[in-house]
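Asks:
There are 2 protein chains.
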Amino acid sequence: MSVTSPKGFRAAGIAAGIKSSGNLDLALVVNDGPDATAAGVFTANRVQAAPVLWSRQVLKGGVLKAVVLNSGGANACTGPAGFQDTHATAEHVAAVLRGPGVKRMLLGAGEVAVCSTGLIGERLPMPKLLTGVEHAARALAKDGGPAAATAIMTTDSVAKNTVVTGEGWSVGGMAKGAGMLSPALATMLVVLTTDAVAGSSLLDTVLREACRVTFDRLDSDGAMSTNDTVLLLASGASGVEPTEQELTAAVTAACHDLAQQLMADAEGATKHVAIEVVGAASEADAVEVGRSVARNNLVKTALFGNDPNWGRILAAVGTTGAAFEADELDVAINGVWICRNGAAAEDRSKVDLSGEQVAITIALNAGDAAATVWTNDLSHAYVHENSAYSS
Amino acid sequence: MSVTSPKGFRAAGIAAGIKSSGNLDLALVVNDGPDATAAGVFTANRVQAAPVLWSRQVLKGGVLKAVVLNSGGANACTGPAGFQDTHATAEHVAAVLRGPGVKRMLLGAGEVAVCSTGLIGERLPMPKLLTGVEHAARALAKDGGPAAATAIMTTDSVAKNTVVTGEGWSVGGMAKGAGMLSPALATMLVVLTTDAVAGSSLLDTVLREACRVTFDRLDSDGAMSTNDTVLLLASGASGVEPTEQELTAAVTAACHDLAQQLMADAEGATKHVAIEVVGAASEADAVEVGRSVARNNLVKTALFGNDPNWGRILAAVGTTGAAFEADELDVAINGVWICRNGAAAEDRSKVDLSGEQVAITIALNAGDAAATVWTNDLSHAYVHENSAYSS
Numbered sequence: 218m219s220v221t222s223p224k225g226f227r228a229a230g231i232a233a234g235i236k237s238s239g240n241l242d243l244a245l246v247v248n249d250g251p252d253a254t255a256a257g258v259f260t261a262n263r264v265q266a267a268p269v270l271w272s273r274q275v276l277k278g279g280v281l282k283a284v285v286l287n288s289g290g291a292n293a294c295t296g297p298a299g300f301q302d303t304h305a306t307a308e309h310v311a312a313v314l315r316g317p318g319v320k321r322m323l324l325g326a327g328e329v330a331v332c333s334t335g336l337i338g339e340r341l342p343m344p345k346l347l348t349g350v351e352h353a354a355r356a357l358a359k360d361g362g363p364a365a366a367t368a369i370m371t372t373d374s375v376a377k378n379t380v381v382t383g384e385g386w387s388v389g390g391m392a393k394g395a396g397m398l399s400p401a402l403a404t405m406l407v408v409l410t411t412d413a414v415a416g417s418s419l420l421d422t423v424l425r426e427a428c429r430v431t432f433d434r435l436d437s438d439g440a441m442s443t444n445d446t447v448l449l450l451a452s453g454a455s456g457v458e459p460t461e462q463e464l465t466a467a468v469t470a471a472c473h474d475l476a477q478q479l480m481a482d483a484e485g486a487t488k489h490v491a492i493e494v495v496g497a498a499s500e501a502d503a504v505e506v507g508r509s510v511a512r513n514n515l516v517k518t519a520l521f522g523n524d525p526n527w528g529r530i531l532a533a534v535g536t537t538g539a540a541f542e543a544d545e546l547d548v549a550i551n552g553v554w555i556c557r558n559g560a561a562a563e564d565r566s567k568v569d570l571s572g573e574q575v576a577i578t579i580a581l582n583a584g585d586a587a588a589t590v591w592t593n594d595l596s597h598a599y600v601h602e603n604s605a606y607s608s
Numbered sequence: 218m219s220v221t222s223p224k225g226f227r228a229a230g231i232a233a234g235i236k237s238s239g240n241l242d243l244a245l246v247v248n249d250g251p252d253a254t255a256a257g258v259f260t261a262n263r264v265q266a267a268p269v270l271w272s273r274q275v276l277k278g279g280v281l282k283a284v285v286l287n288s289g290g291a292n293a294c295t296g297p298a299g300f301q302d303t304h305a306t307a308e309h310v311a312a313v314l315r316g317p318g319v320k321r322m323l324l325g326a327g328e329v330a331v332c333s334t335g336l337i338g339e340r341l342p343m344p345k346l347l348t349g350v351e352h353a354a355r356a357l358a359k360d361g362g363p364a365a366a367t368a369i370m371t372t373d374s375v376a377k378n379t380v381v382t383g384e385g386w387s388v389g390g391m392a393k394g395a396g397m398l399s400p401a402l403a404t405m406l407v408v409l410t411t412d413a414v415a416g417s418s419l420l421d422t423v424l425r426e427a428c429r430v431t432f433d434r435l436d437s438d439g440a441m442s443t444n445d446t447v448l449l450l451a452s453g454a455s456g457v458e459p460t461e462q463e464l465t466a467a468v469t470a471a472c473h474d475l476a477q478q479l480m481a482d483a484e485g486a487t488k489h490v491a492i493e494v495v496g497a498a499s500e501a502d503a504v505e506v507g508r509s510v511a512r513n514n515l516v517k518t519a520l521f522g523n524d525p526n527w528g529r530i531l532a533a534v535g536t537t538g539a540a541f542e543a544d545e546l547d548v549a550i551n552g553v554w555i556c557r558n559g560a561a562a563e564d565r566s567k568v569d570l571s572g573e574q575v576a577i578t579i580a581l582n583a584g585d586a587a588a589t590v591w592t593n594d595l596s597h598a599y600v601h602e603n604s605a606y607s608s
């Protein structure tokens with residue numbers, strides 16, 4: 218149940234000494250084929266880390282044979298020197314994997330994606346990283362997925378892995394980050410693998426659709442990382458060619474599972490909140506409203522305080538451009554419709570907020586579209602974790 | 218140094234019993250003329266409280282003879298019944314001010330603005346409020362400004378008053394709220410008075426320009442209230458007719474002073490942060506960048522932790538649509554240019570964040586425009602205050 222669950226992949230996670238803690242901090246995932254098709258989705262932030270600039274370029278070719286990932290440093294805002302570090306890392310991975318001393322692969326640096334996560338603005342310790350690449354290459358194994366998932370953790374409290382099985386093929390995945398694709402508490406890095414047979418153009422379509430309804434709808438703190446990356450690699454080793462629909466369903470399920478694991482492990486969260494917006498004039502309206510509520514600090518602190526403050530929710534809805542009339546808005550918290558037609562309805566004392574899971578439903582009564590956005594509360598632990606430690 | 222500093226105004230602040238604490242909770246400001254011109258600026262939130270809907274309509278006439286303000290309840294999201302409460306309040310104010318038992322004024326409900334602040338979603342205790350209006354009318358005095366300013370406080374720790382003097386005329390003002398016009402931690406209510414001679418159209422122009430560069434650039438927590446209101450009343454009692462430029466300068470100075478008092482008293486803030494964006498292609502770009510940084514929880518928690526985390530600032534800049542190149546961004550914190558050309562520059566340990574005041578300068582190097590946005594840090598006290606108390 219990891220990136221090495223599908224056939225055709227090996228992985229490793231080792232301690233390269235990038236993290237001062239001595240914990241695992243370098244991961245390598247390789248695709249042994251026969252295919253090496255791939256797709257990638259990257260942060261929408263205009264300030265992009267060197268590894269994002271590099272990997273975005275690599276993915277344009279639609280071919281990917283290896284991914285190297287490090288925690289302990291984001292290599293973001295590091296200028297031309299930082300980009301050279303990423304380039305050198307990819308070159309070294311390709312050189313090491315071409316042998317000797319490892320199962321030899323045929324690849325160039327242009328088929329190696331690089332992902333980094335950690336503090337922004339500092340150069341990576343390149344000698345340690347390059348030596349680590351050599352150790353990781355020798356450690357590559359068909360059951361190396363879980364170690365790789367552990368090596369990319371930063372403030373994560375648990376490693377995040379998934380597998381979704383099709384008929385004779387499967388999708389595996391790993392993720393790190395207490396955040397999301399656009400927004401992130403710390404960077405989100407995701408590597409998905411499949412042994413299905415699929416061209417890179419199809420993978421691109423499938424991955425974008427899967428991200429759109431999963432990672433893109435996580436909104437933990439409204440911040441957007443410089444490093445967010447989601448990669449999908451296909452080996453074709455199963456020999457099975459699923460339909461676009463089958464592949465989309467499996468990749469979406471894998472992304473959904475990882476997204477829920479990310480939210481459940483969000484920094485300092487005590488509540489996991491699903492905001493369902495229904496009756497919207499369009500899906501875009503529903504997402505805009507959901508995001509606005511998800512990002513509202515007054516709503517988030519109220520939830521931390523077990524306060525079913527629907528007035529703050531309405532105020533957040535009111536800042537959007539979505540189609541609705543203020544006196545037609547309905548809001549339910551955990552199934553209790555405490556607001557109808559923009560005013561108080563059922564007794565707020567009926568709302569039970571004692572559990573970890575919170576379901577907010579907002580009815581715009583303006584159409585038939587709907588969407589769900591997931592977020593967390595804003596707690597003392599969030600403030601503590603993000604003020605006490607640089608990241 | 219209050220709304221009663223300019224000639225032609227009386228005010229009162231009394232305890233009507235709306236607040237369970239027994240503190241002052243009802244304010245009345247009247248304009249004795251000879252003029253009664255006025256302008257108003259209201260929240261951009263599409264979910265608007267009943268008093269905002271009412272007062273917006275009143276101000277369309279450009280004539281305002283009285284303002285009644287209550288704390289202890291926002292009368293927002295209260296439906297048609299809430300609007301009737303506001304209407305009844307304005308009618309009662311007009312009836313009471315027409316006498317007997319008070320200095321008689323000639324006015325109708327359509328010349329009475331209403332402002333409310335407090336918890337959203339609950340009806341106001343109308344019998345108490347209407348009786349309070351009678352007490353307030355009898356308490357109206359030429360030195361009643363400070364009592365009125367005290368009566369509109371909610372989570373404010375101090376009353377906020379100002380006066381700016383011209384040659385033979387002046388501008389007075391009061392404010393409440395730990396927030397801002399668009400965004401608000403709790404509602405912002407502001408009443409400005411002047412004894413200058415000025416038509417309502419000029420007052421409208423002047424007030425919009427003053428708000429644009431003061432209250433509109435406060436961004437404490439990115440939330441936007443349903444009740445924010447700024448009113449400007451002119452009595453003409455000085456007989457002096459300042460130029461548009463003179464009036465704009467004085468009203469802007471009064472708004473700036475009140476805005477700084479609001480930020481200094483923001484809920485749970487330990488840092489007062491001025492974000493100056495320079496070298497922007499347009500003022501709109503500068504404001505967009507300033508707001509994005511001001512609203513970023515990762516930046517705000519870093520400041521709470523005395524961490525000069527310029528990487529988080531760059532990541533926030535990167536989420537905007539402003540004109541800039543990522544590798545041309547410069548950032549200074551408290552005068553130390555820790556980021557040049559999008560990468561680390563001066564040593565971050567040189568940044569002294571021990572004081573309450575923080576100055577962030579962001580150079581986009583894309584033009585000549587500039588703007589400053591003010592915000593606060595995100596502290597444990599913010600989470601506590603907004604999670605422990607419904608508001």
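Residue numbers (the numbering used here), protein chains in the order written: chain A, 218 to 608; chain B, 218 to 608.
The beta-carbon is built from N, C-alpha and C at its ideal position, and this holds for glycine as well.
Looking at chain A, is there any beta carbon in it that lies within less than 9 angstroms of the beta carbon of residue 339(B)?
Replies: It does; some Cβ of chain A falls within 9 angstroms.
Asks: Taking C-beta pairs closer than 7 angstroms, name the residues in chain A that residue 301(B) reaches, listed in chain order.
Replies: The premise fails here: residue 301(B) is roughly 12 angstroms from chain A at the closest Cβ pair, so nothing lies under 7 angstroms.
Asks: Is there a Cβ from chain A that is less than 9 angstroms from the Cβ of residue 527(B)?
Replies: So, interface residue.
Asks: Starting from the Cα of residue 375(A), find the closest Cα among 478(A), 362(A), 335(A) and give me that residue.
Replies: Ranking 478(A), 362(A), 335(A) by Cα distance to residue 375(A) puts 478(A) first.
Asks: State whether the segment 441-456 of chain B contacts the segment 496-509 of chain B, with contact taken as three or more CB pairs (one from each stretch) at a distance under 8 angstroms.
Replies: Touching, no, given that fewer than three Cβ pairs across the two stretches are closer than 8 angstroms.
Asks: Tell me which residues of the segment 442-473 of chain A have at least one Cβ-Cβ distance to chain B shorter than 8 angstroms, keeping chain order.
Replies: Those would be 442, 443, in chain order.
Asks: Taking any Cβ of chain A, which residues in the segment 261-291 of chain B have a Cβ under 8 angstroms from it, in chain order?
Replies: Within the segment 261-291 of chain B, the residues whose Cβ lies closer than 8 angstroms to some Cβ of chain A are 261, 262, 263, 264, 265, 291, listed in chain order.
Asks: Helix, strand or coil for residue 428(B)? Go by DSSP, reduced to three states.
Replies: Of the three classes helix, strand and coil, the one that applies to residue 428(B) here is helix, per DSSP.
Asks: I'd like to confirm the pairing. Which residues does DSSP put opposite residue 390(B) in its beta bridges?
Replies: Partner(s): 379(B), 409(B).
Asks: Am I right that residue 579(A) and residue 534(A) are in contact with their C-beta atoms under 8 angstroms? What's the rounded C-beta distance?
Replies: Going by Cβ atoms, the distance from residue 579(A) to residue 534(A) rounds to 6 angstroms, so yes, they are a contact pair.
Asks: How many angstroms separate the CA atom of residue 313(B) from the CA atom of residue 522(A)?
Replies: The straight-line gap from Cα to Cα measures roughly 42 angstroms.
Asks: I need the boundaries of the beta strand (DSSP E) containing residue 227(B), first residue and last residue.
Replies: Segment 226-231, the beta strand (DSSP E) holding residue 227(B).
Asks: Mind pulling the chain B residues with CB within less than 9 angstroms of residue 432(A)?
Replies: None at all; the shortest Cβ gap to chain B is about 16 angstroms.
Asks: Interface residues of chain A around residue 521(B) at Cβ under 7 angstroms?
Replies: Neighbours of residue 521(B) on chain A, chain order: 600, 604.
Asks: Thinking C-alpha only, which one of 295(B), 588(B), 458(B) is nearest residue 495(B)?
Replies: Among 295(B), 588(B), 458(B), the Cα nearest to that of residue 495(B) belongs to 588(B).
Asks: Please report how far the alpha carbon of residue 484(B) lies from the alpha carbon of residue 602(B), in whole angstroms.
Replies: Going from the Cα of residue 484(B) to the Cα of residue 602(B) covers about 7 angstroms.
Asks: Please report how far the alpha carbon of residue 519(B) lies from the alpha carbon of residue 383(B), in whole angstroms.
Replies: Those two C-alpha atoms are separated by around 42 angstroms.
Asks: Give a yes or no on whether 9 angstroms exceeds the smallest Cβ distance from residue 390(B) to chain A.
Replies: No, no contact with chain A.
Asks: For residue 571(B), count the other beta carbons within 10 Å of its own beta carbon; 16 or more makes it buried, fewer makes it exposed. Which is it?
Replies: The residue in question, residue 571(B), is exposed, as its Cβ has fewer than 16 Cβ neighbours within 10 Å.
Asks: Would residue 247(A) and residue 282(A) be called neighbours here (beta carbons separated by less than 9 angstroms)?
Replies: Yes.
Asks: Is it true that the segment 404-419 of chain A meets the segment 449-464 of chain A, where meeting means three or more beta-carbon pairs spaced less than 8 angstroms apart?
Replies: Counting Cβ pairs under 8 angstroms, three or more are found: they touch.
Asks: What number of angstroms, rounded off, separates the C-alpha of residue 231(B) from the C-alpha of residue 262(B)?
Replies: Each residue's Cα considered, the two are about 30 angstroms apart.
Asks: Would residue 554(A) and residue 489(A) qualify as a contact pair, given that the criterion is a beta-carbon distance under 9 angstroms?
Replies: No, they are not a contact pair.
Asks: To which residues of the same chain is residue 531(A) closer than 8 angstroms at the C-beta, ignoring the five residues directly before and after it?
Replies: Taken in chain order, the residues that qualify are 543, 546, 548, 556, 559.
Asks: Which same chain residues, not among the five before or five after residue 470(B), have their C-beta less than 6 angstroms away from its C-beta?
Replies: If we look at residue 470(B) and ignore the five residues flanking it on each side, its Cβ neighbours are 381.
Asks: Would you kindly work out how many angstroms separate the C-alpha atoms of residue 536(B) and residue 274(A), rounded to a whole number?
Replies: Going by the C-alpha atoms only, they are around 21 angstroms apart.
Asks: State the DSSP-derived secondary structure class of residue 488(B), mapped to helix, strand or coil.
Replies: Of the three classes helix, strand and coil, the one that applies to residue 488(B) here is coil, per DSSP.
Asks: Starting from residue 378(B), find everything on chain A with Cβ-Cβ shorter than 9 angstroms and list it in chain order.
Replies: None at all; the shortest Cβ gap to chain A is about 27 angstroms.
Asks: Spell out a yes or no on whether the segment 226-244 of chain B and the segment 333-348 of chain B are touching, meaning 3 or more CB-CB pairs, one atom from each, closer than 8 angstroms.
Replies: With the cut-off at 8 angstroms, the segment 226-244 of chain B and the segment 333-348 of chain B touch.
Asks: Determine the burial state of residue 295(A): buried for a count of at least 16 other Cβ atoms within 10 Å of its Cβ, exposed for fewer.
Replies: Under this definition residue 295(A) is a buried residue.
Asks: If we count the other Cβ atoms within 10 Å of its Cβ and call it buried at 16 or more, is residue 609(B) buried or exposed?
Replies: The question about residue 609(B) has no answer, for chain B in this structure spans 218 to 608.
Asks: So the beta strand (DSSP E) residue 556(A) belongs to, where does it begin and stop?
Replies: That run of the beta strand (DSSP E) goes 553-557.
Asks: Is residue 489(A) close to chain B? Criterion is C-beta to C-beta, closer than 9 angstroms.
Replies: Answer no: the Cβ-Cβ gap between residue 489(A) and chain B never drops below 9 angstroms.
Asks: Can you find the residues in the same chain that come closer than 6 angstroms, C-beta to C-beta, to residue 541(A), ignoring five residues on each side of it along the sequence?
Replies: Same-chain partners within the cutoff: 581, 583.
Asks: So residue 329(B) is in the beta strand (DSSP E); what residue range does that whole segment cover?
Replies: Taken as a continuous stretch (DSSP letters only), the beta strand (DSSP E) holding residue 329(B) covers 329-333.
Asks: Using a Cβ-Cβ distance under 9 angstroms, would residue 352(A) count as near chain B?
Replies: Cβ-Cβ to chain B under 9 angstroms: no for residue 352(A).
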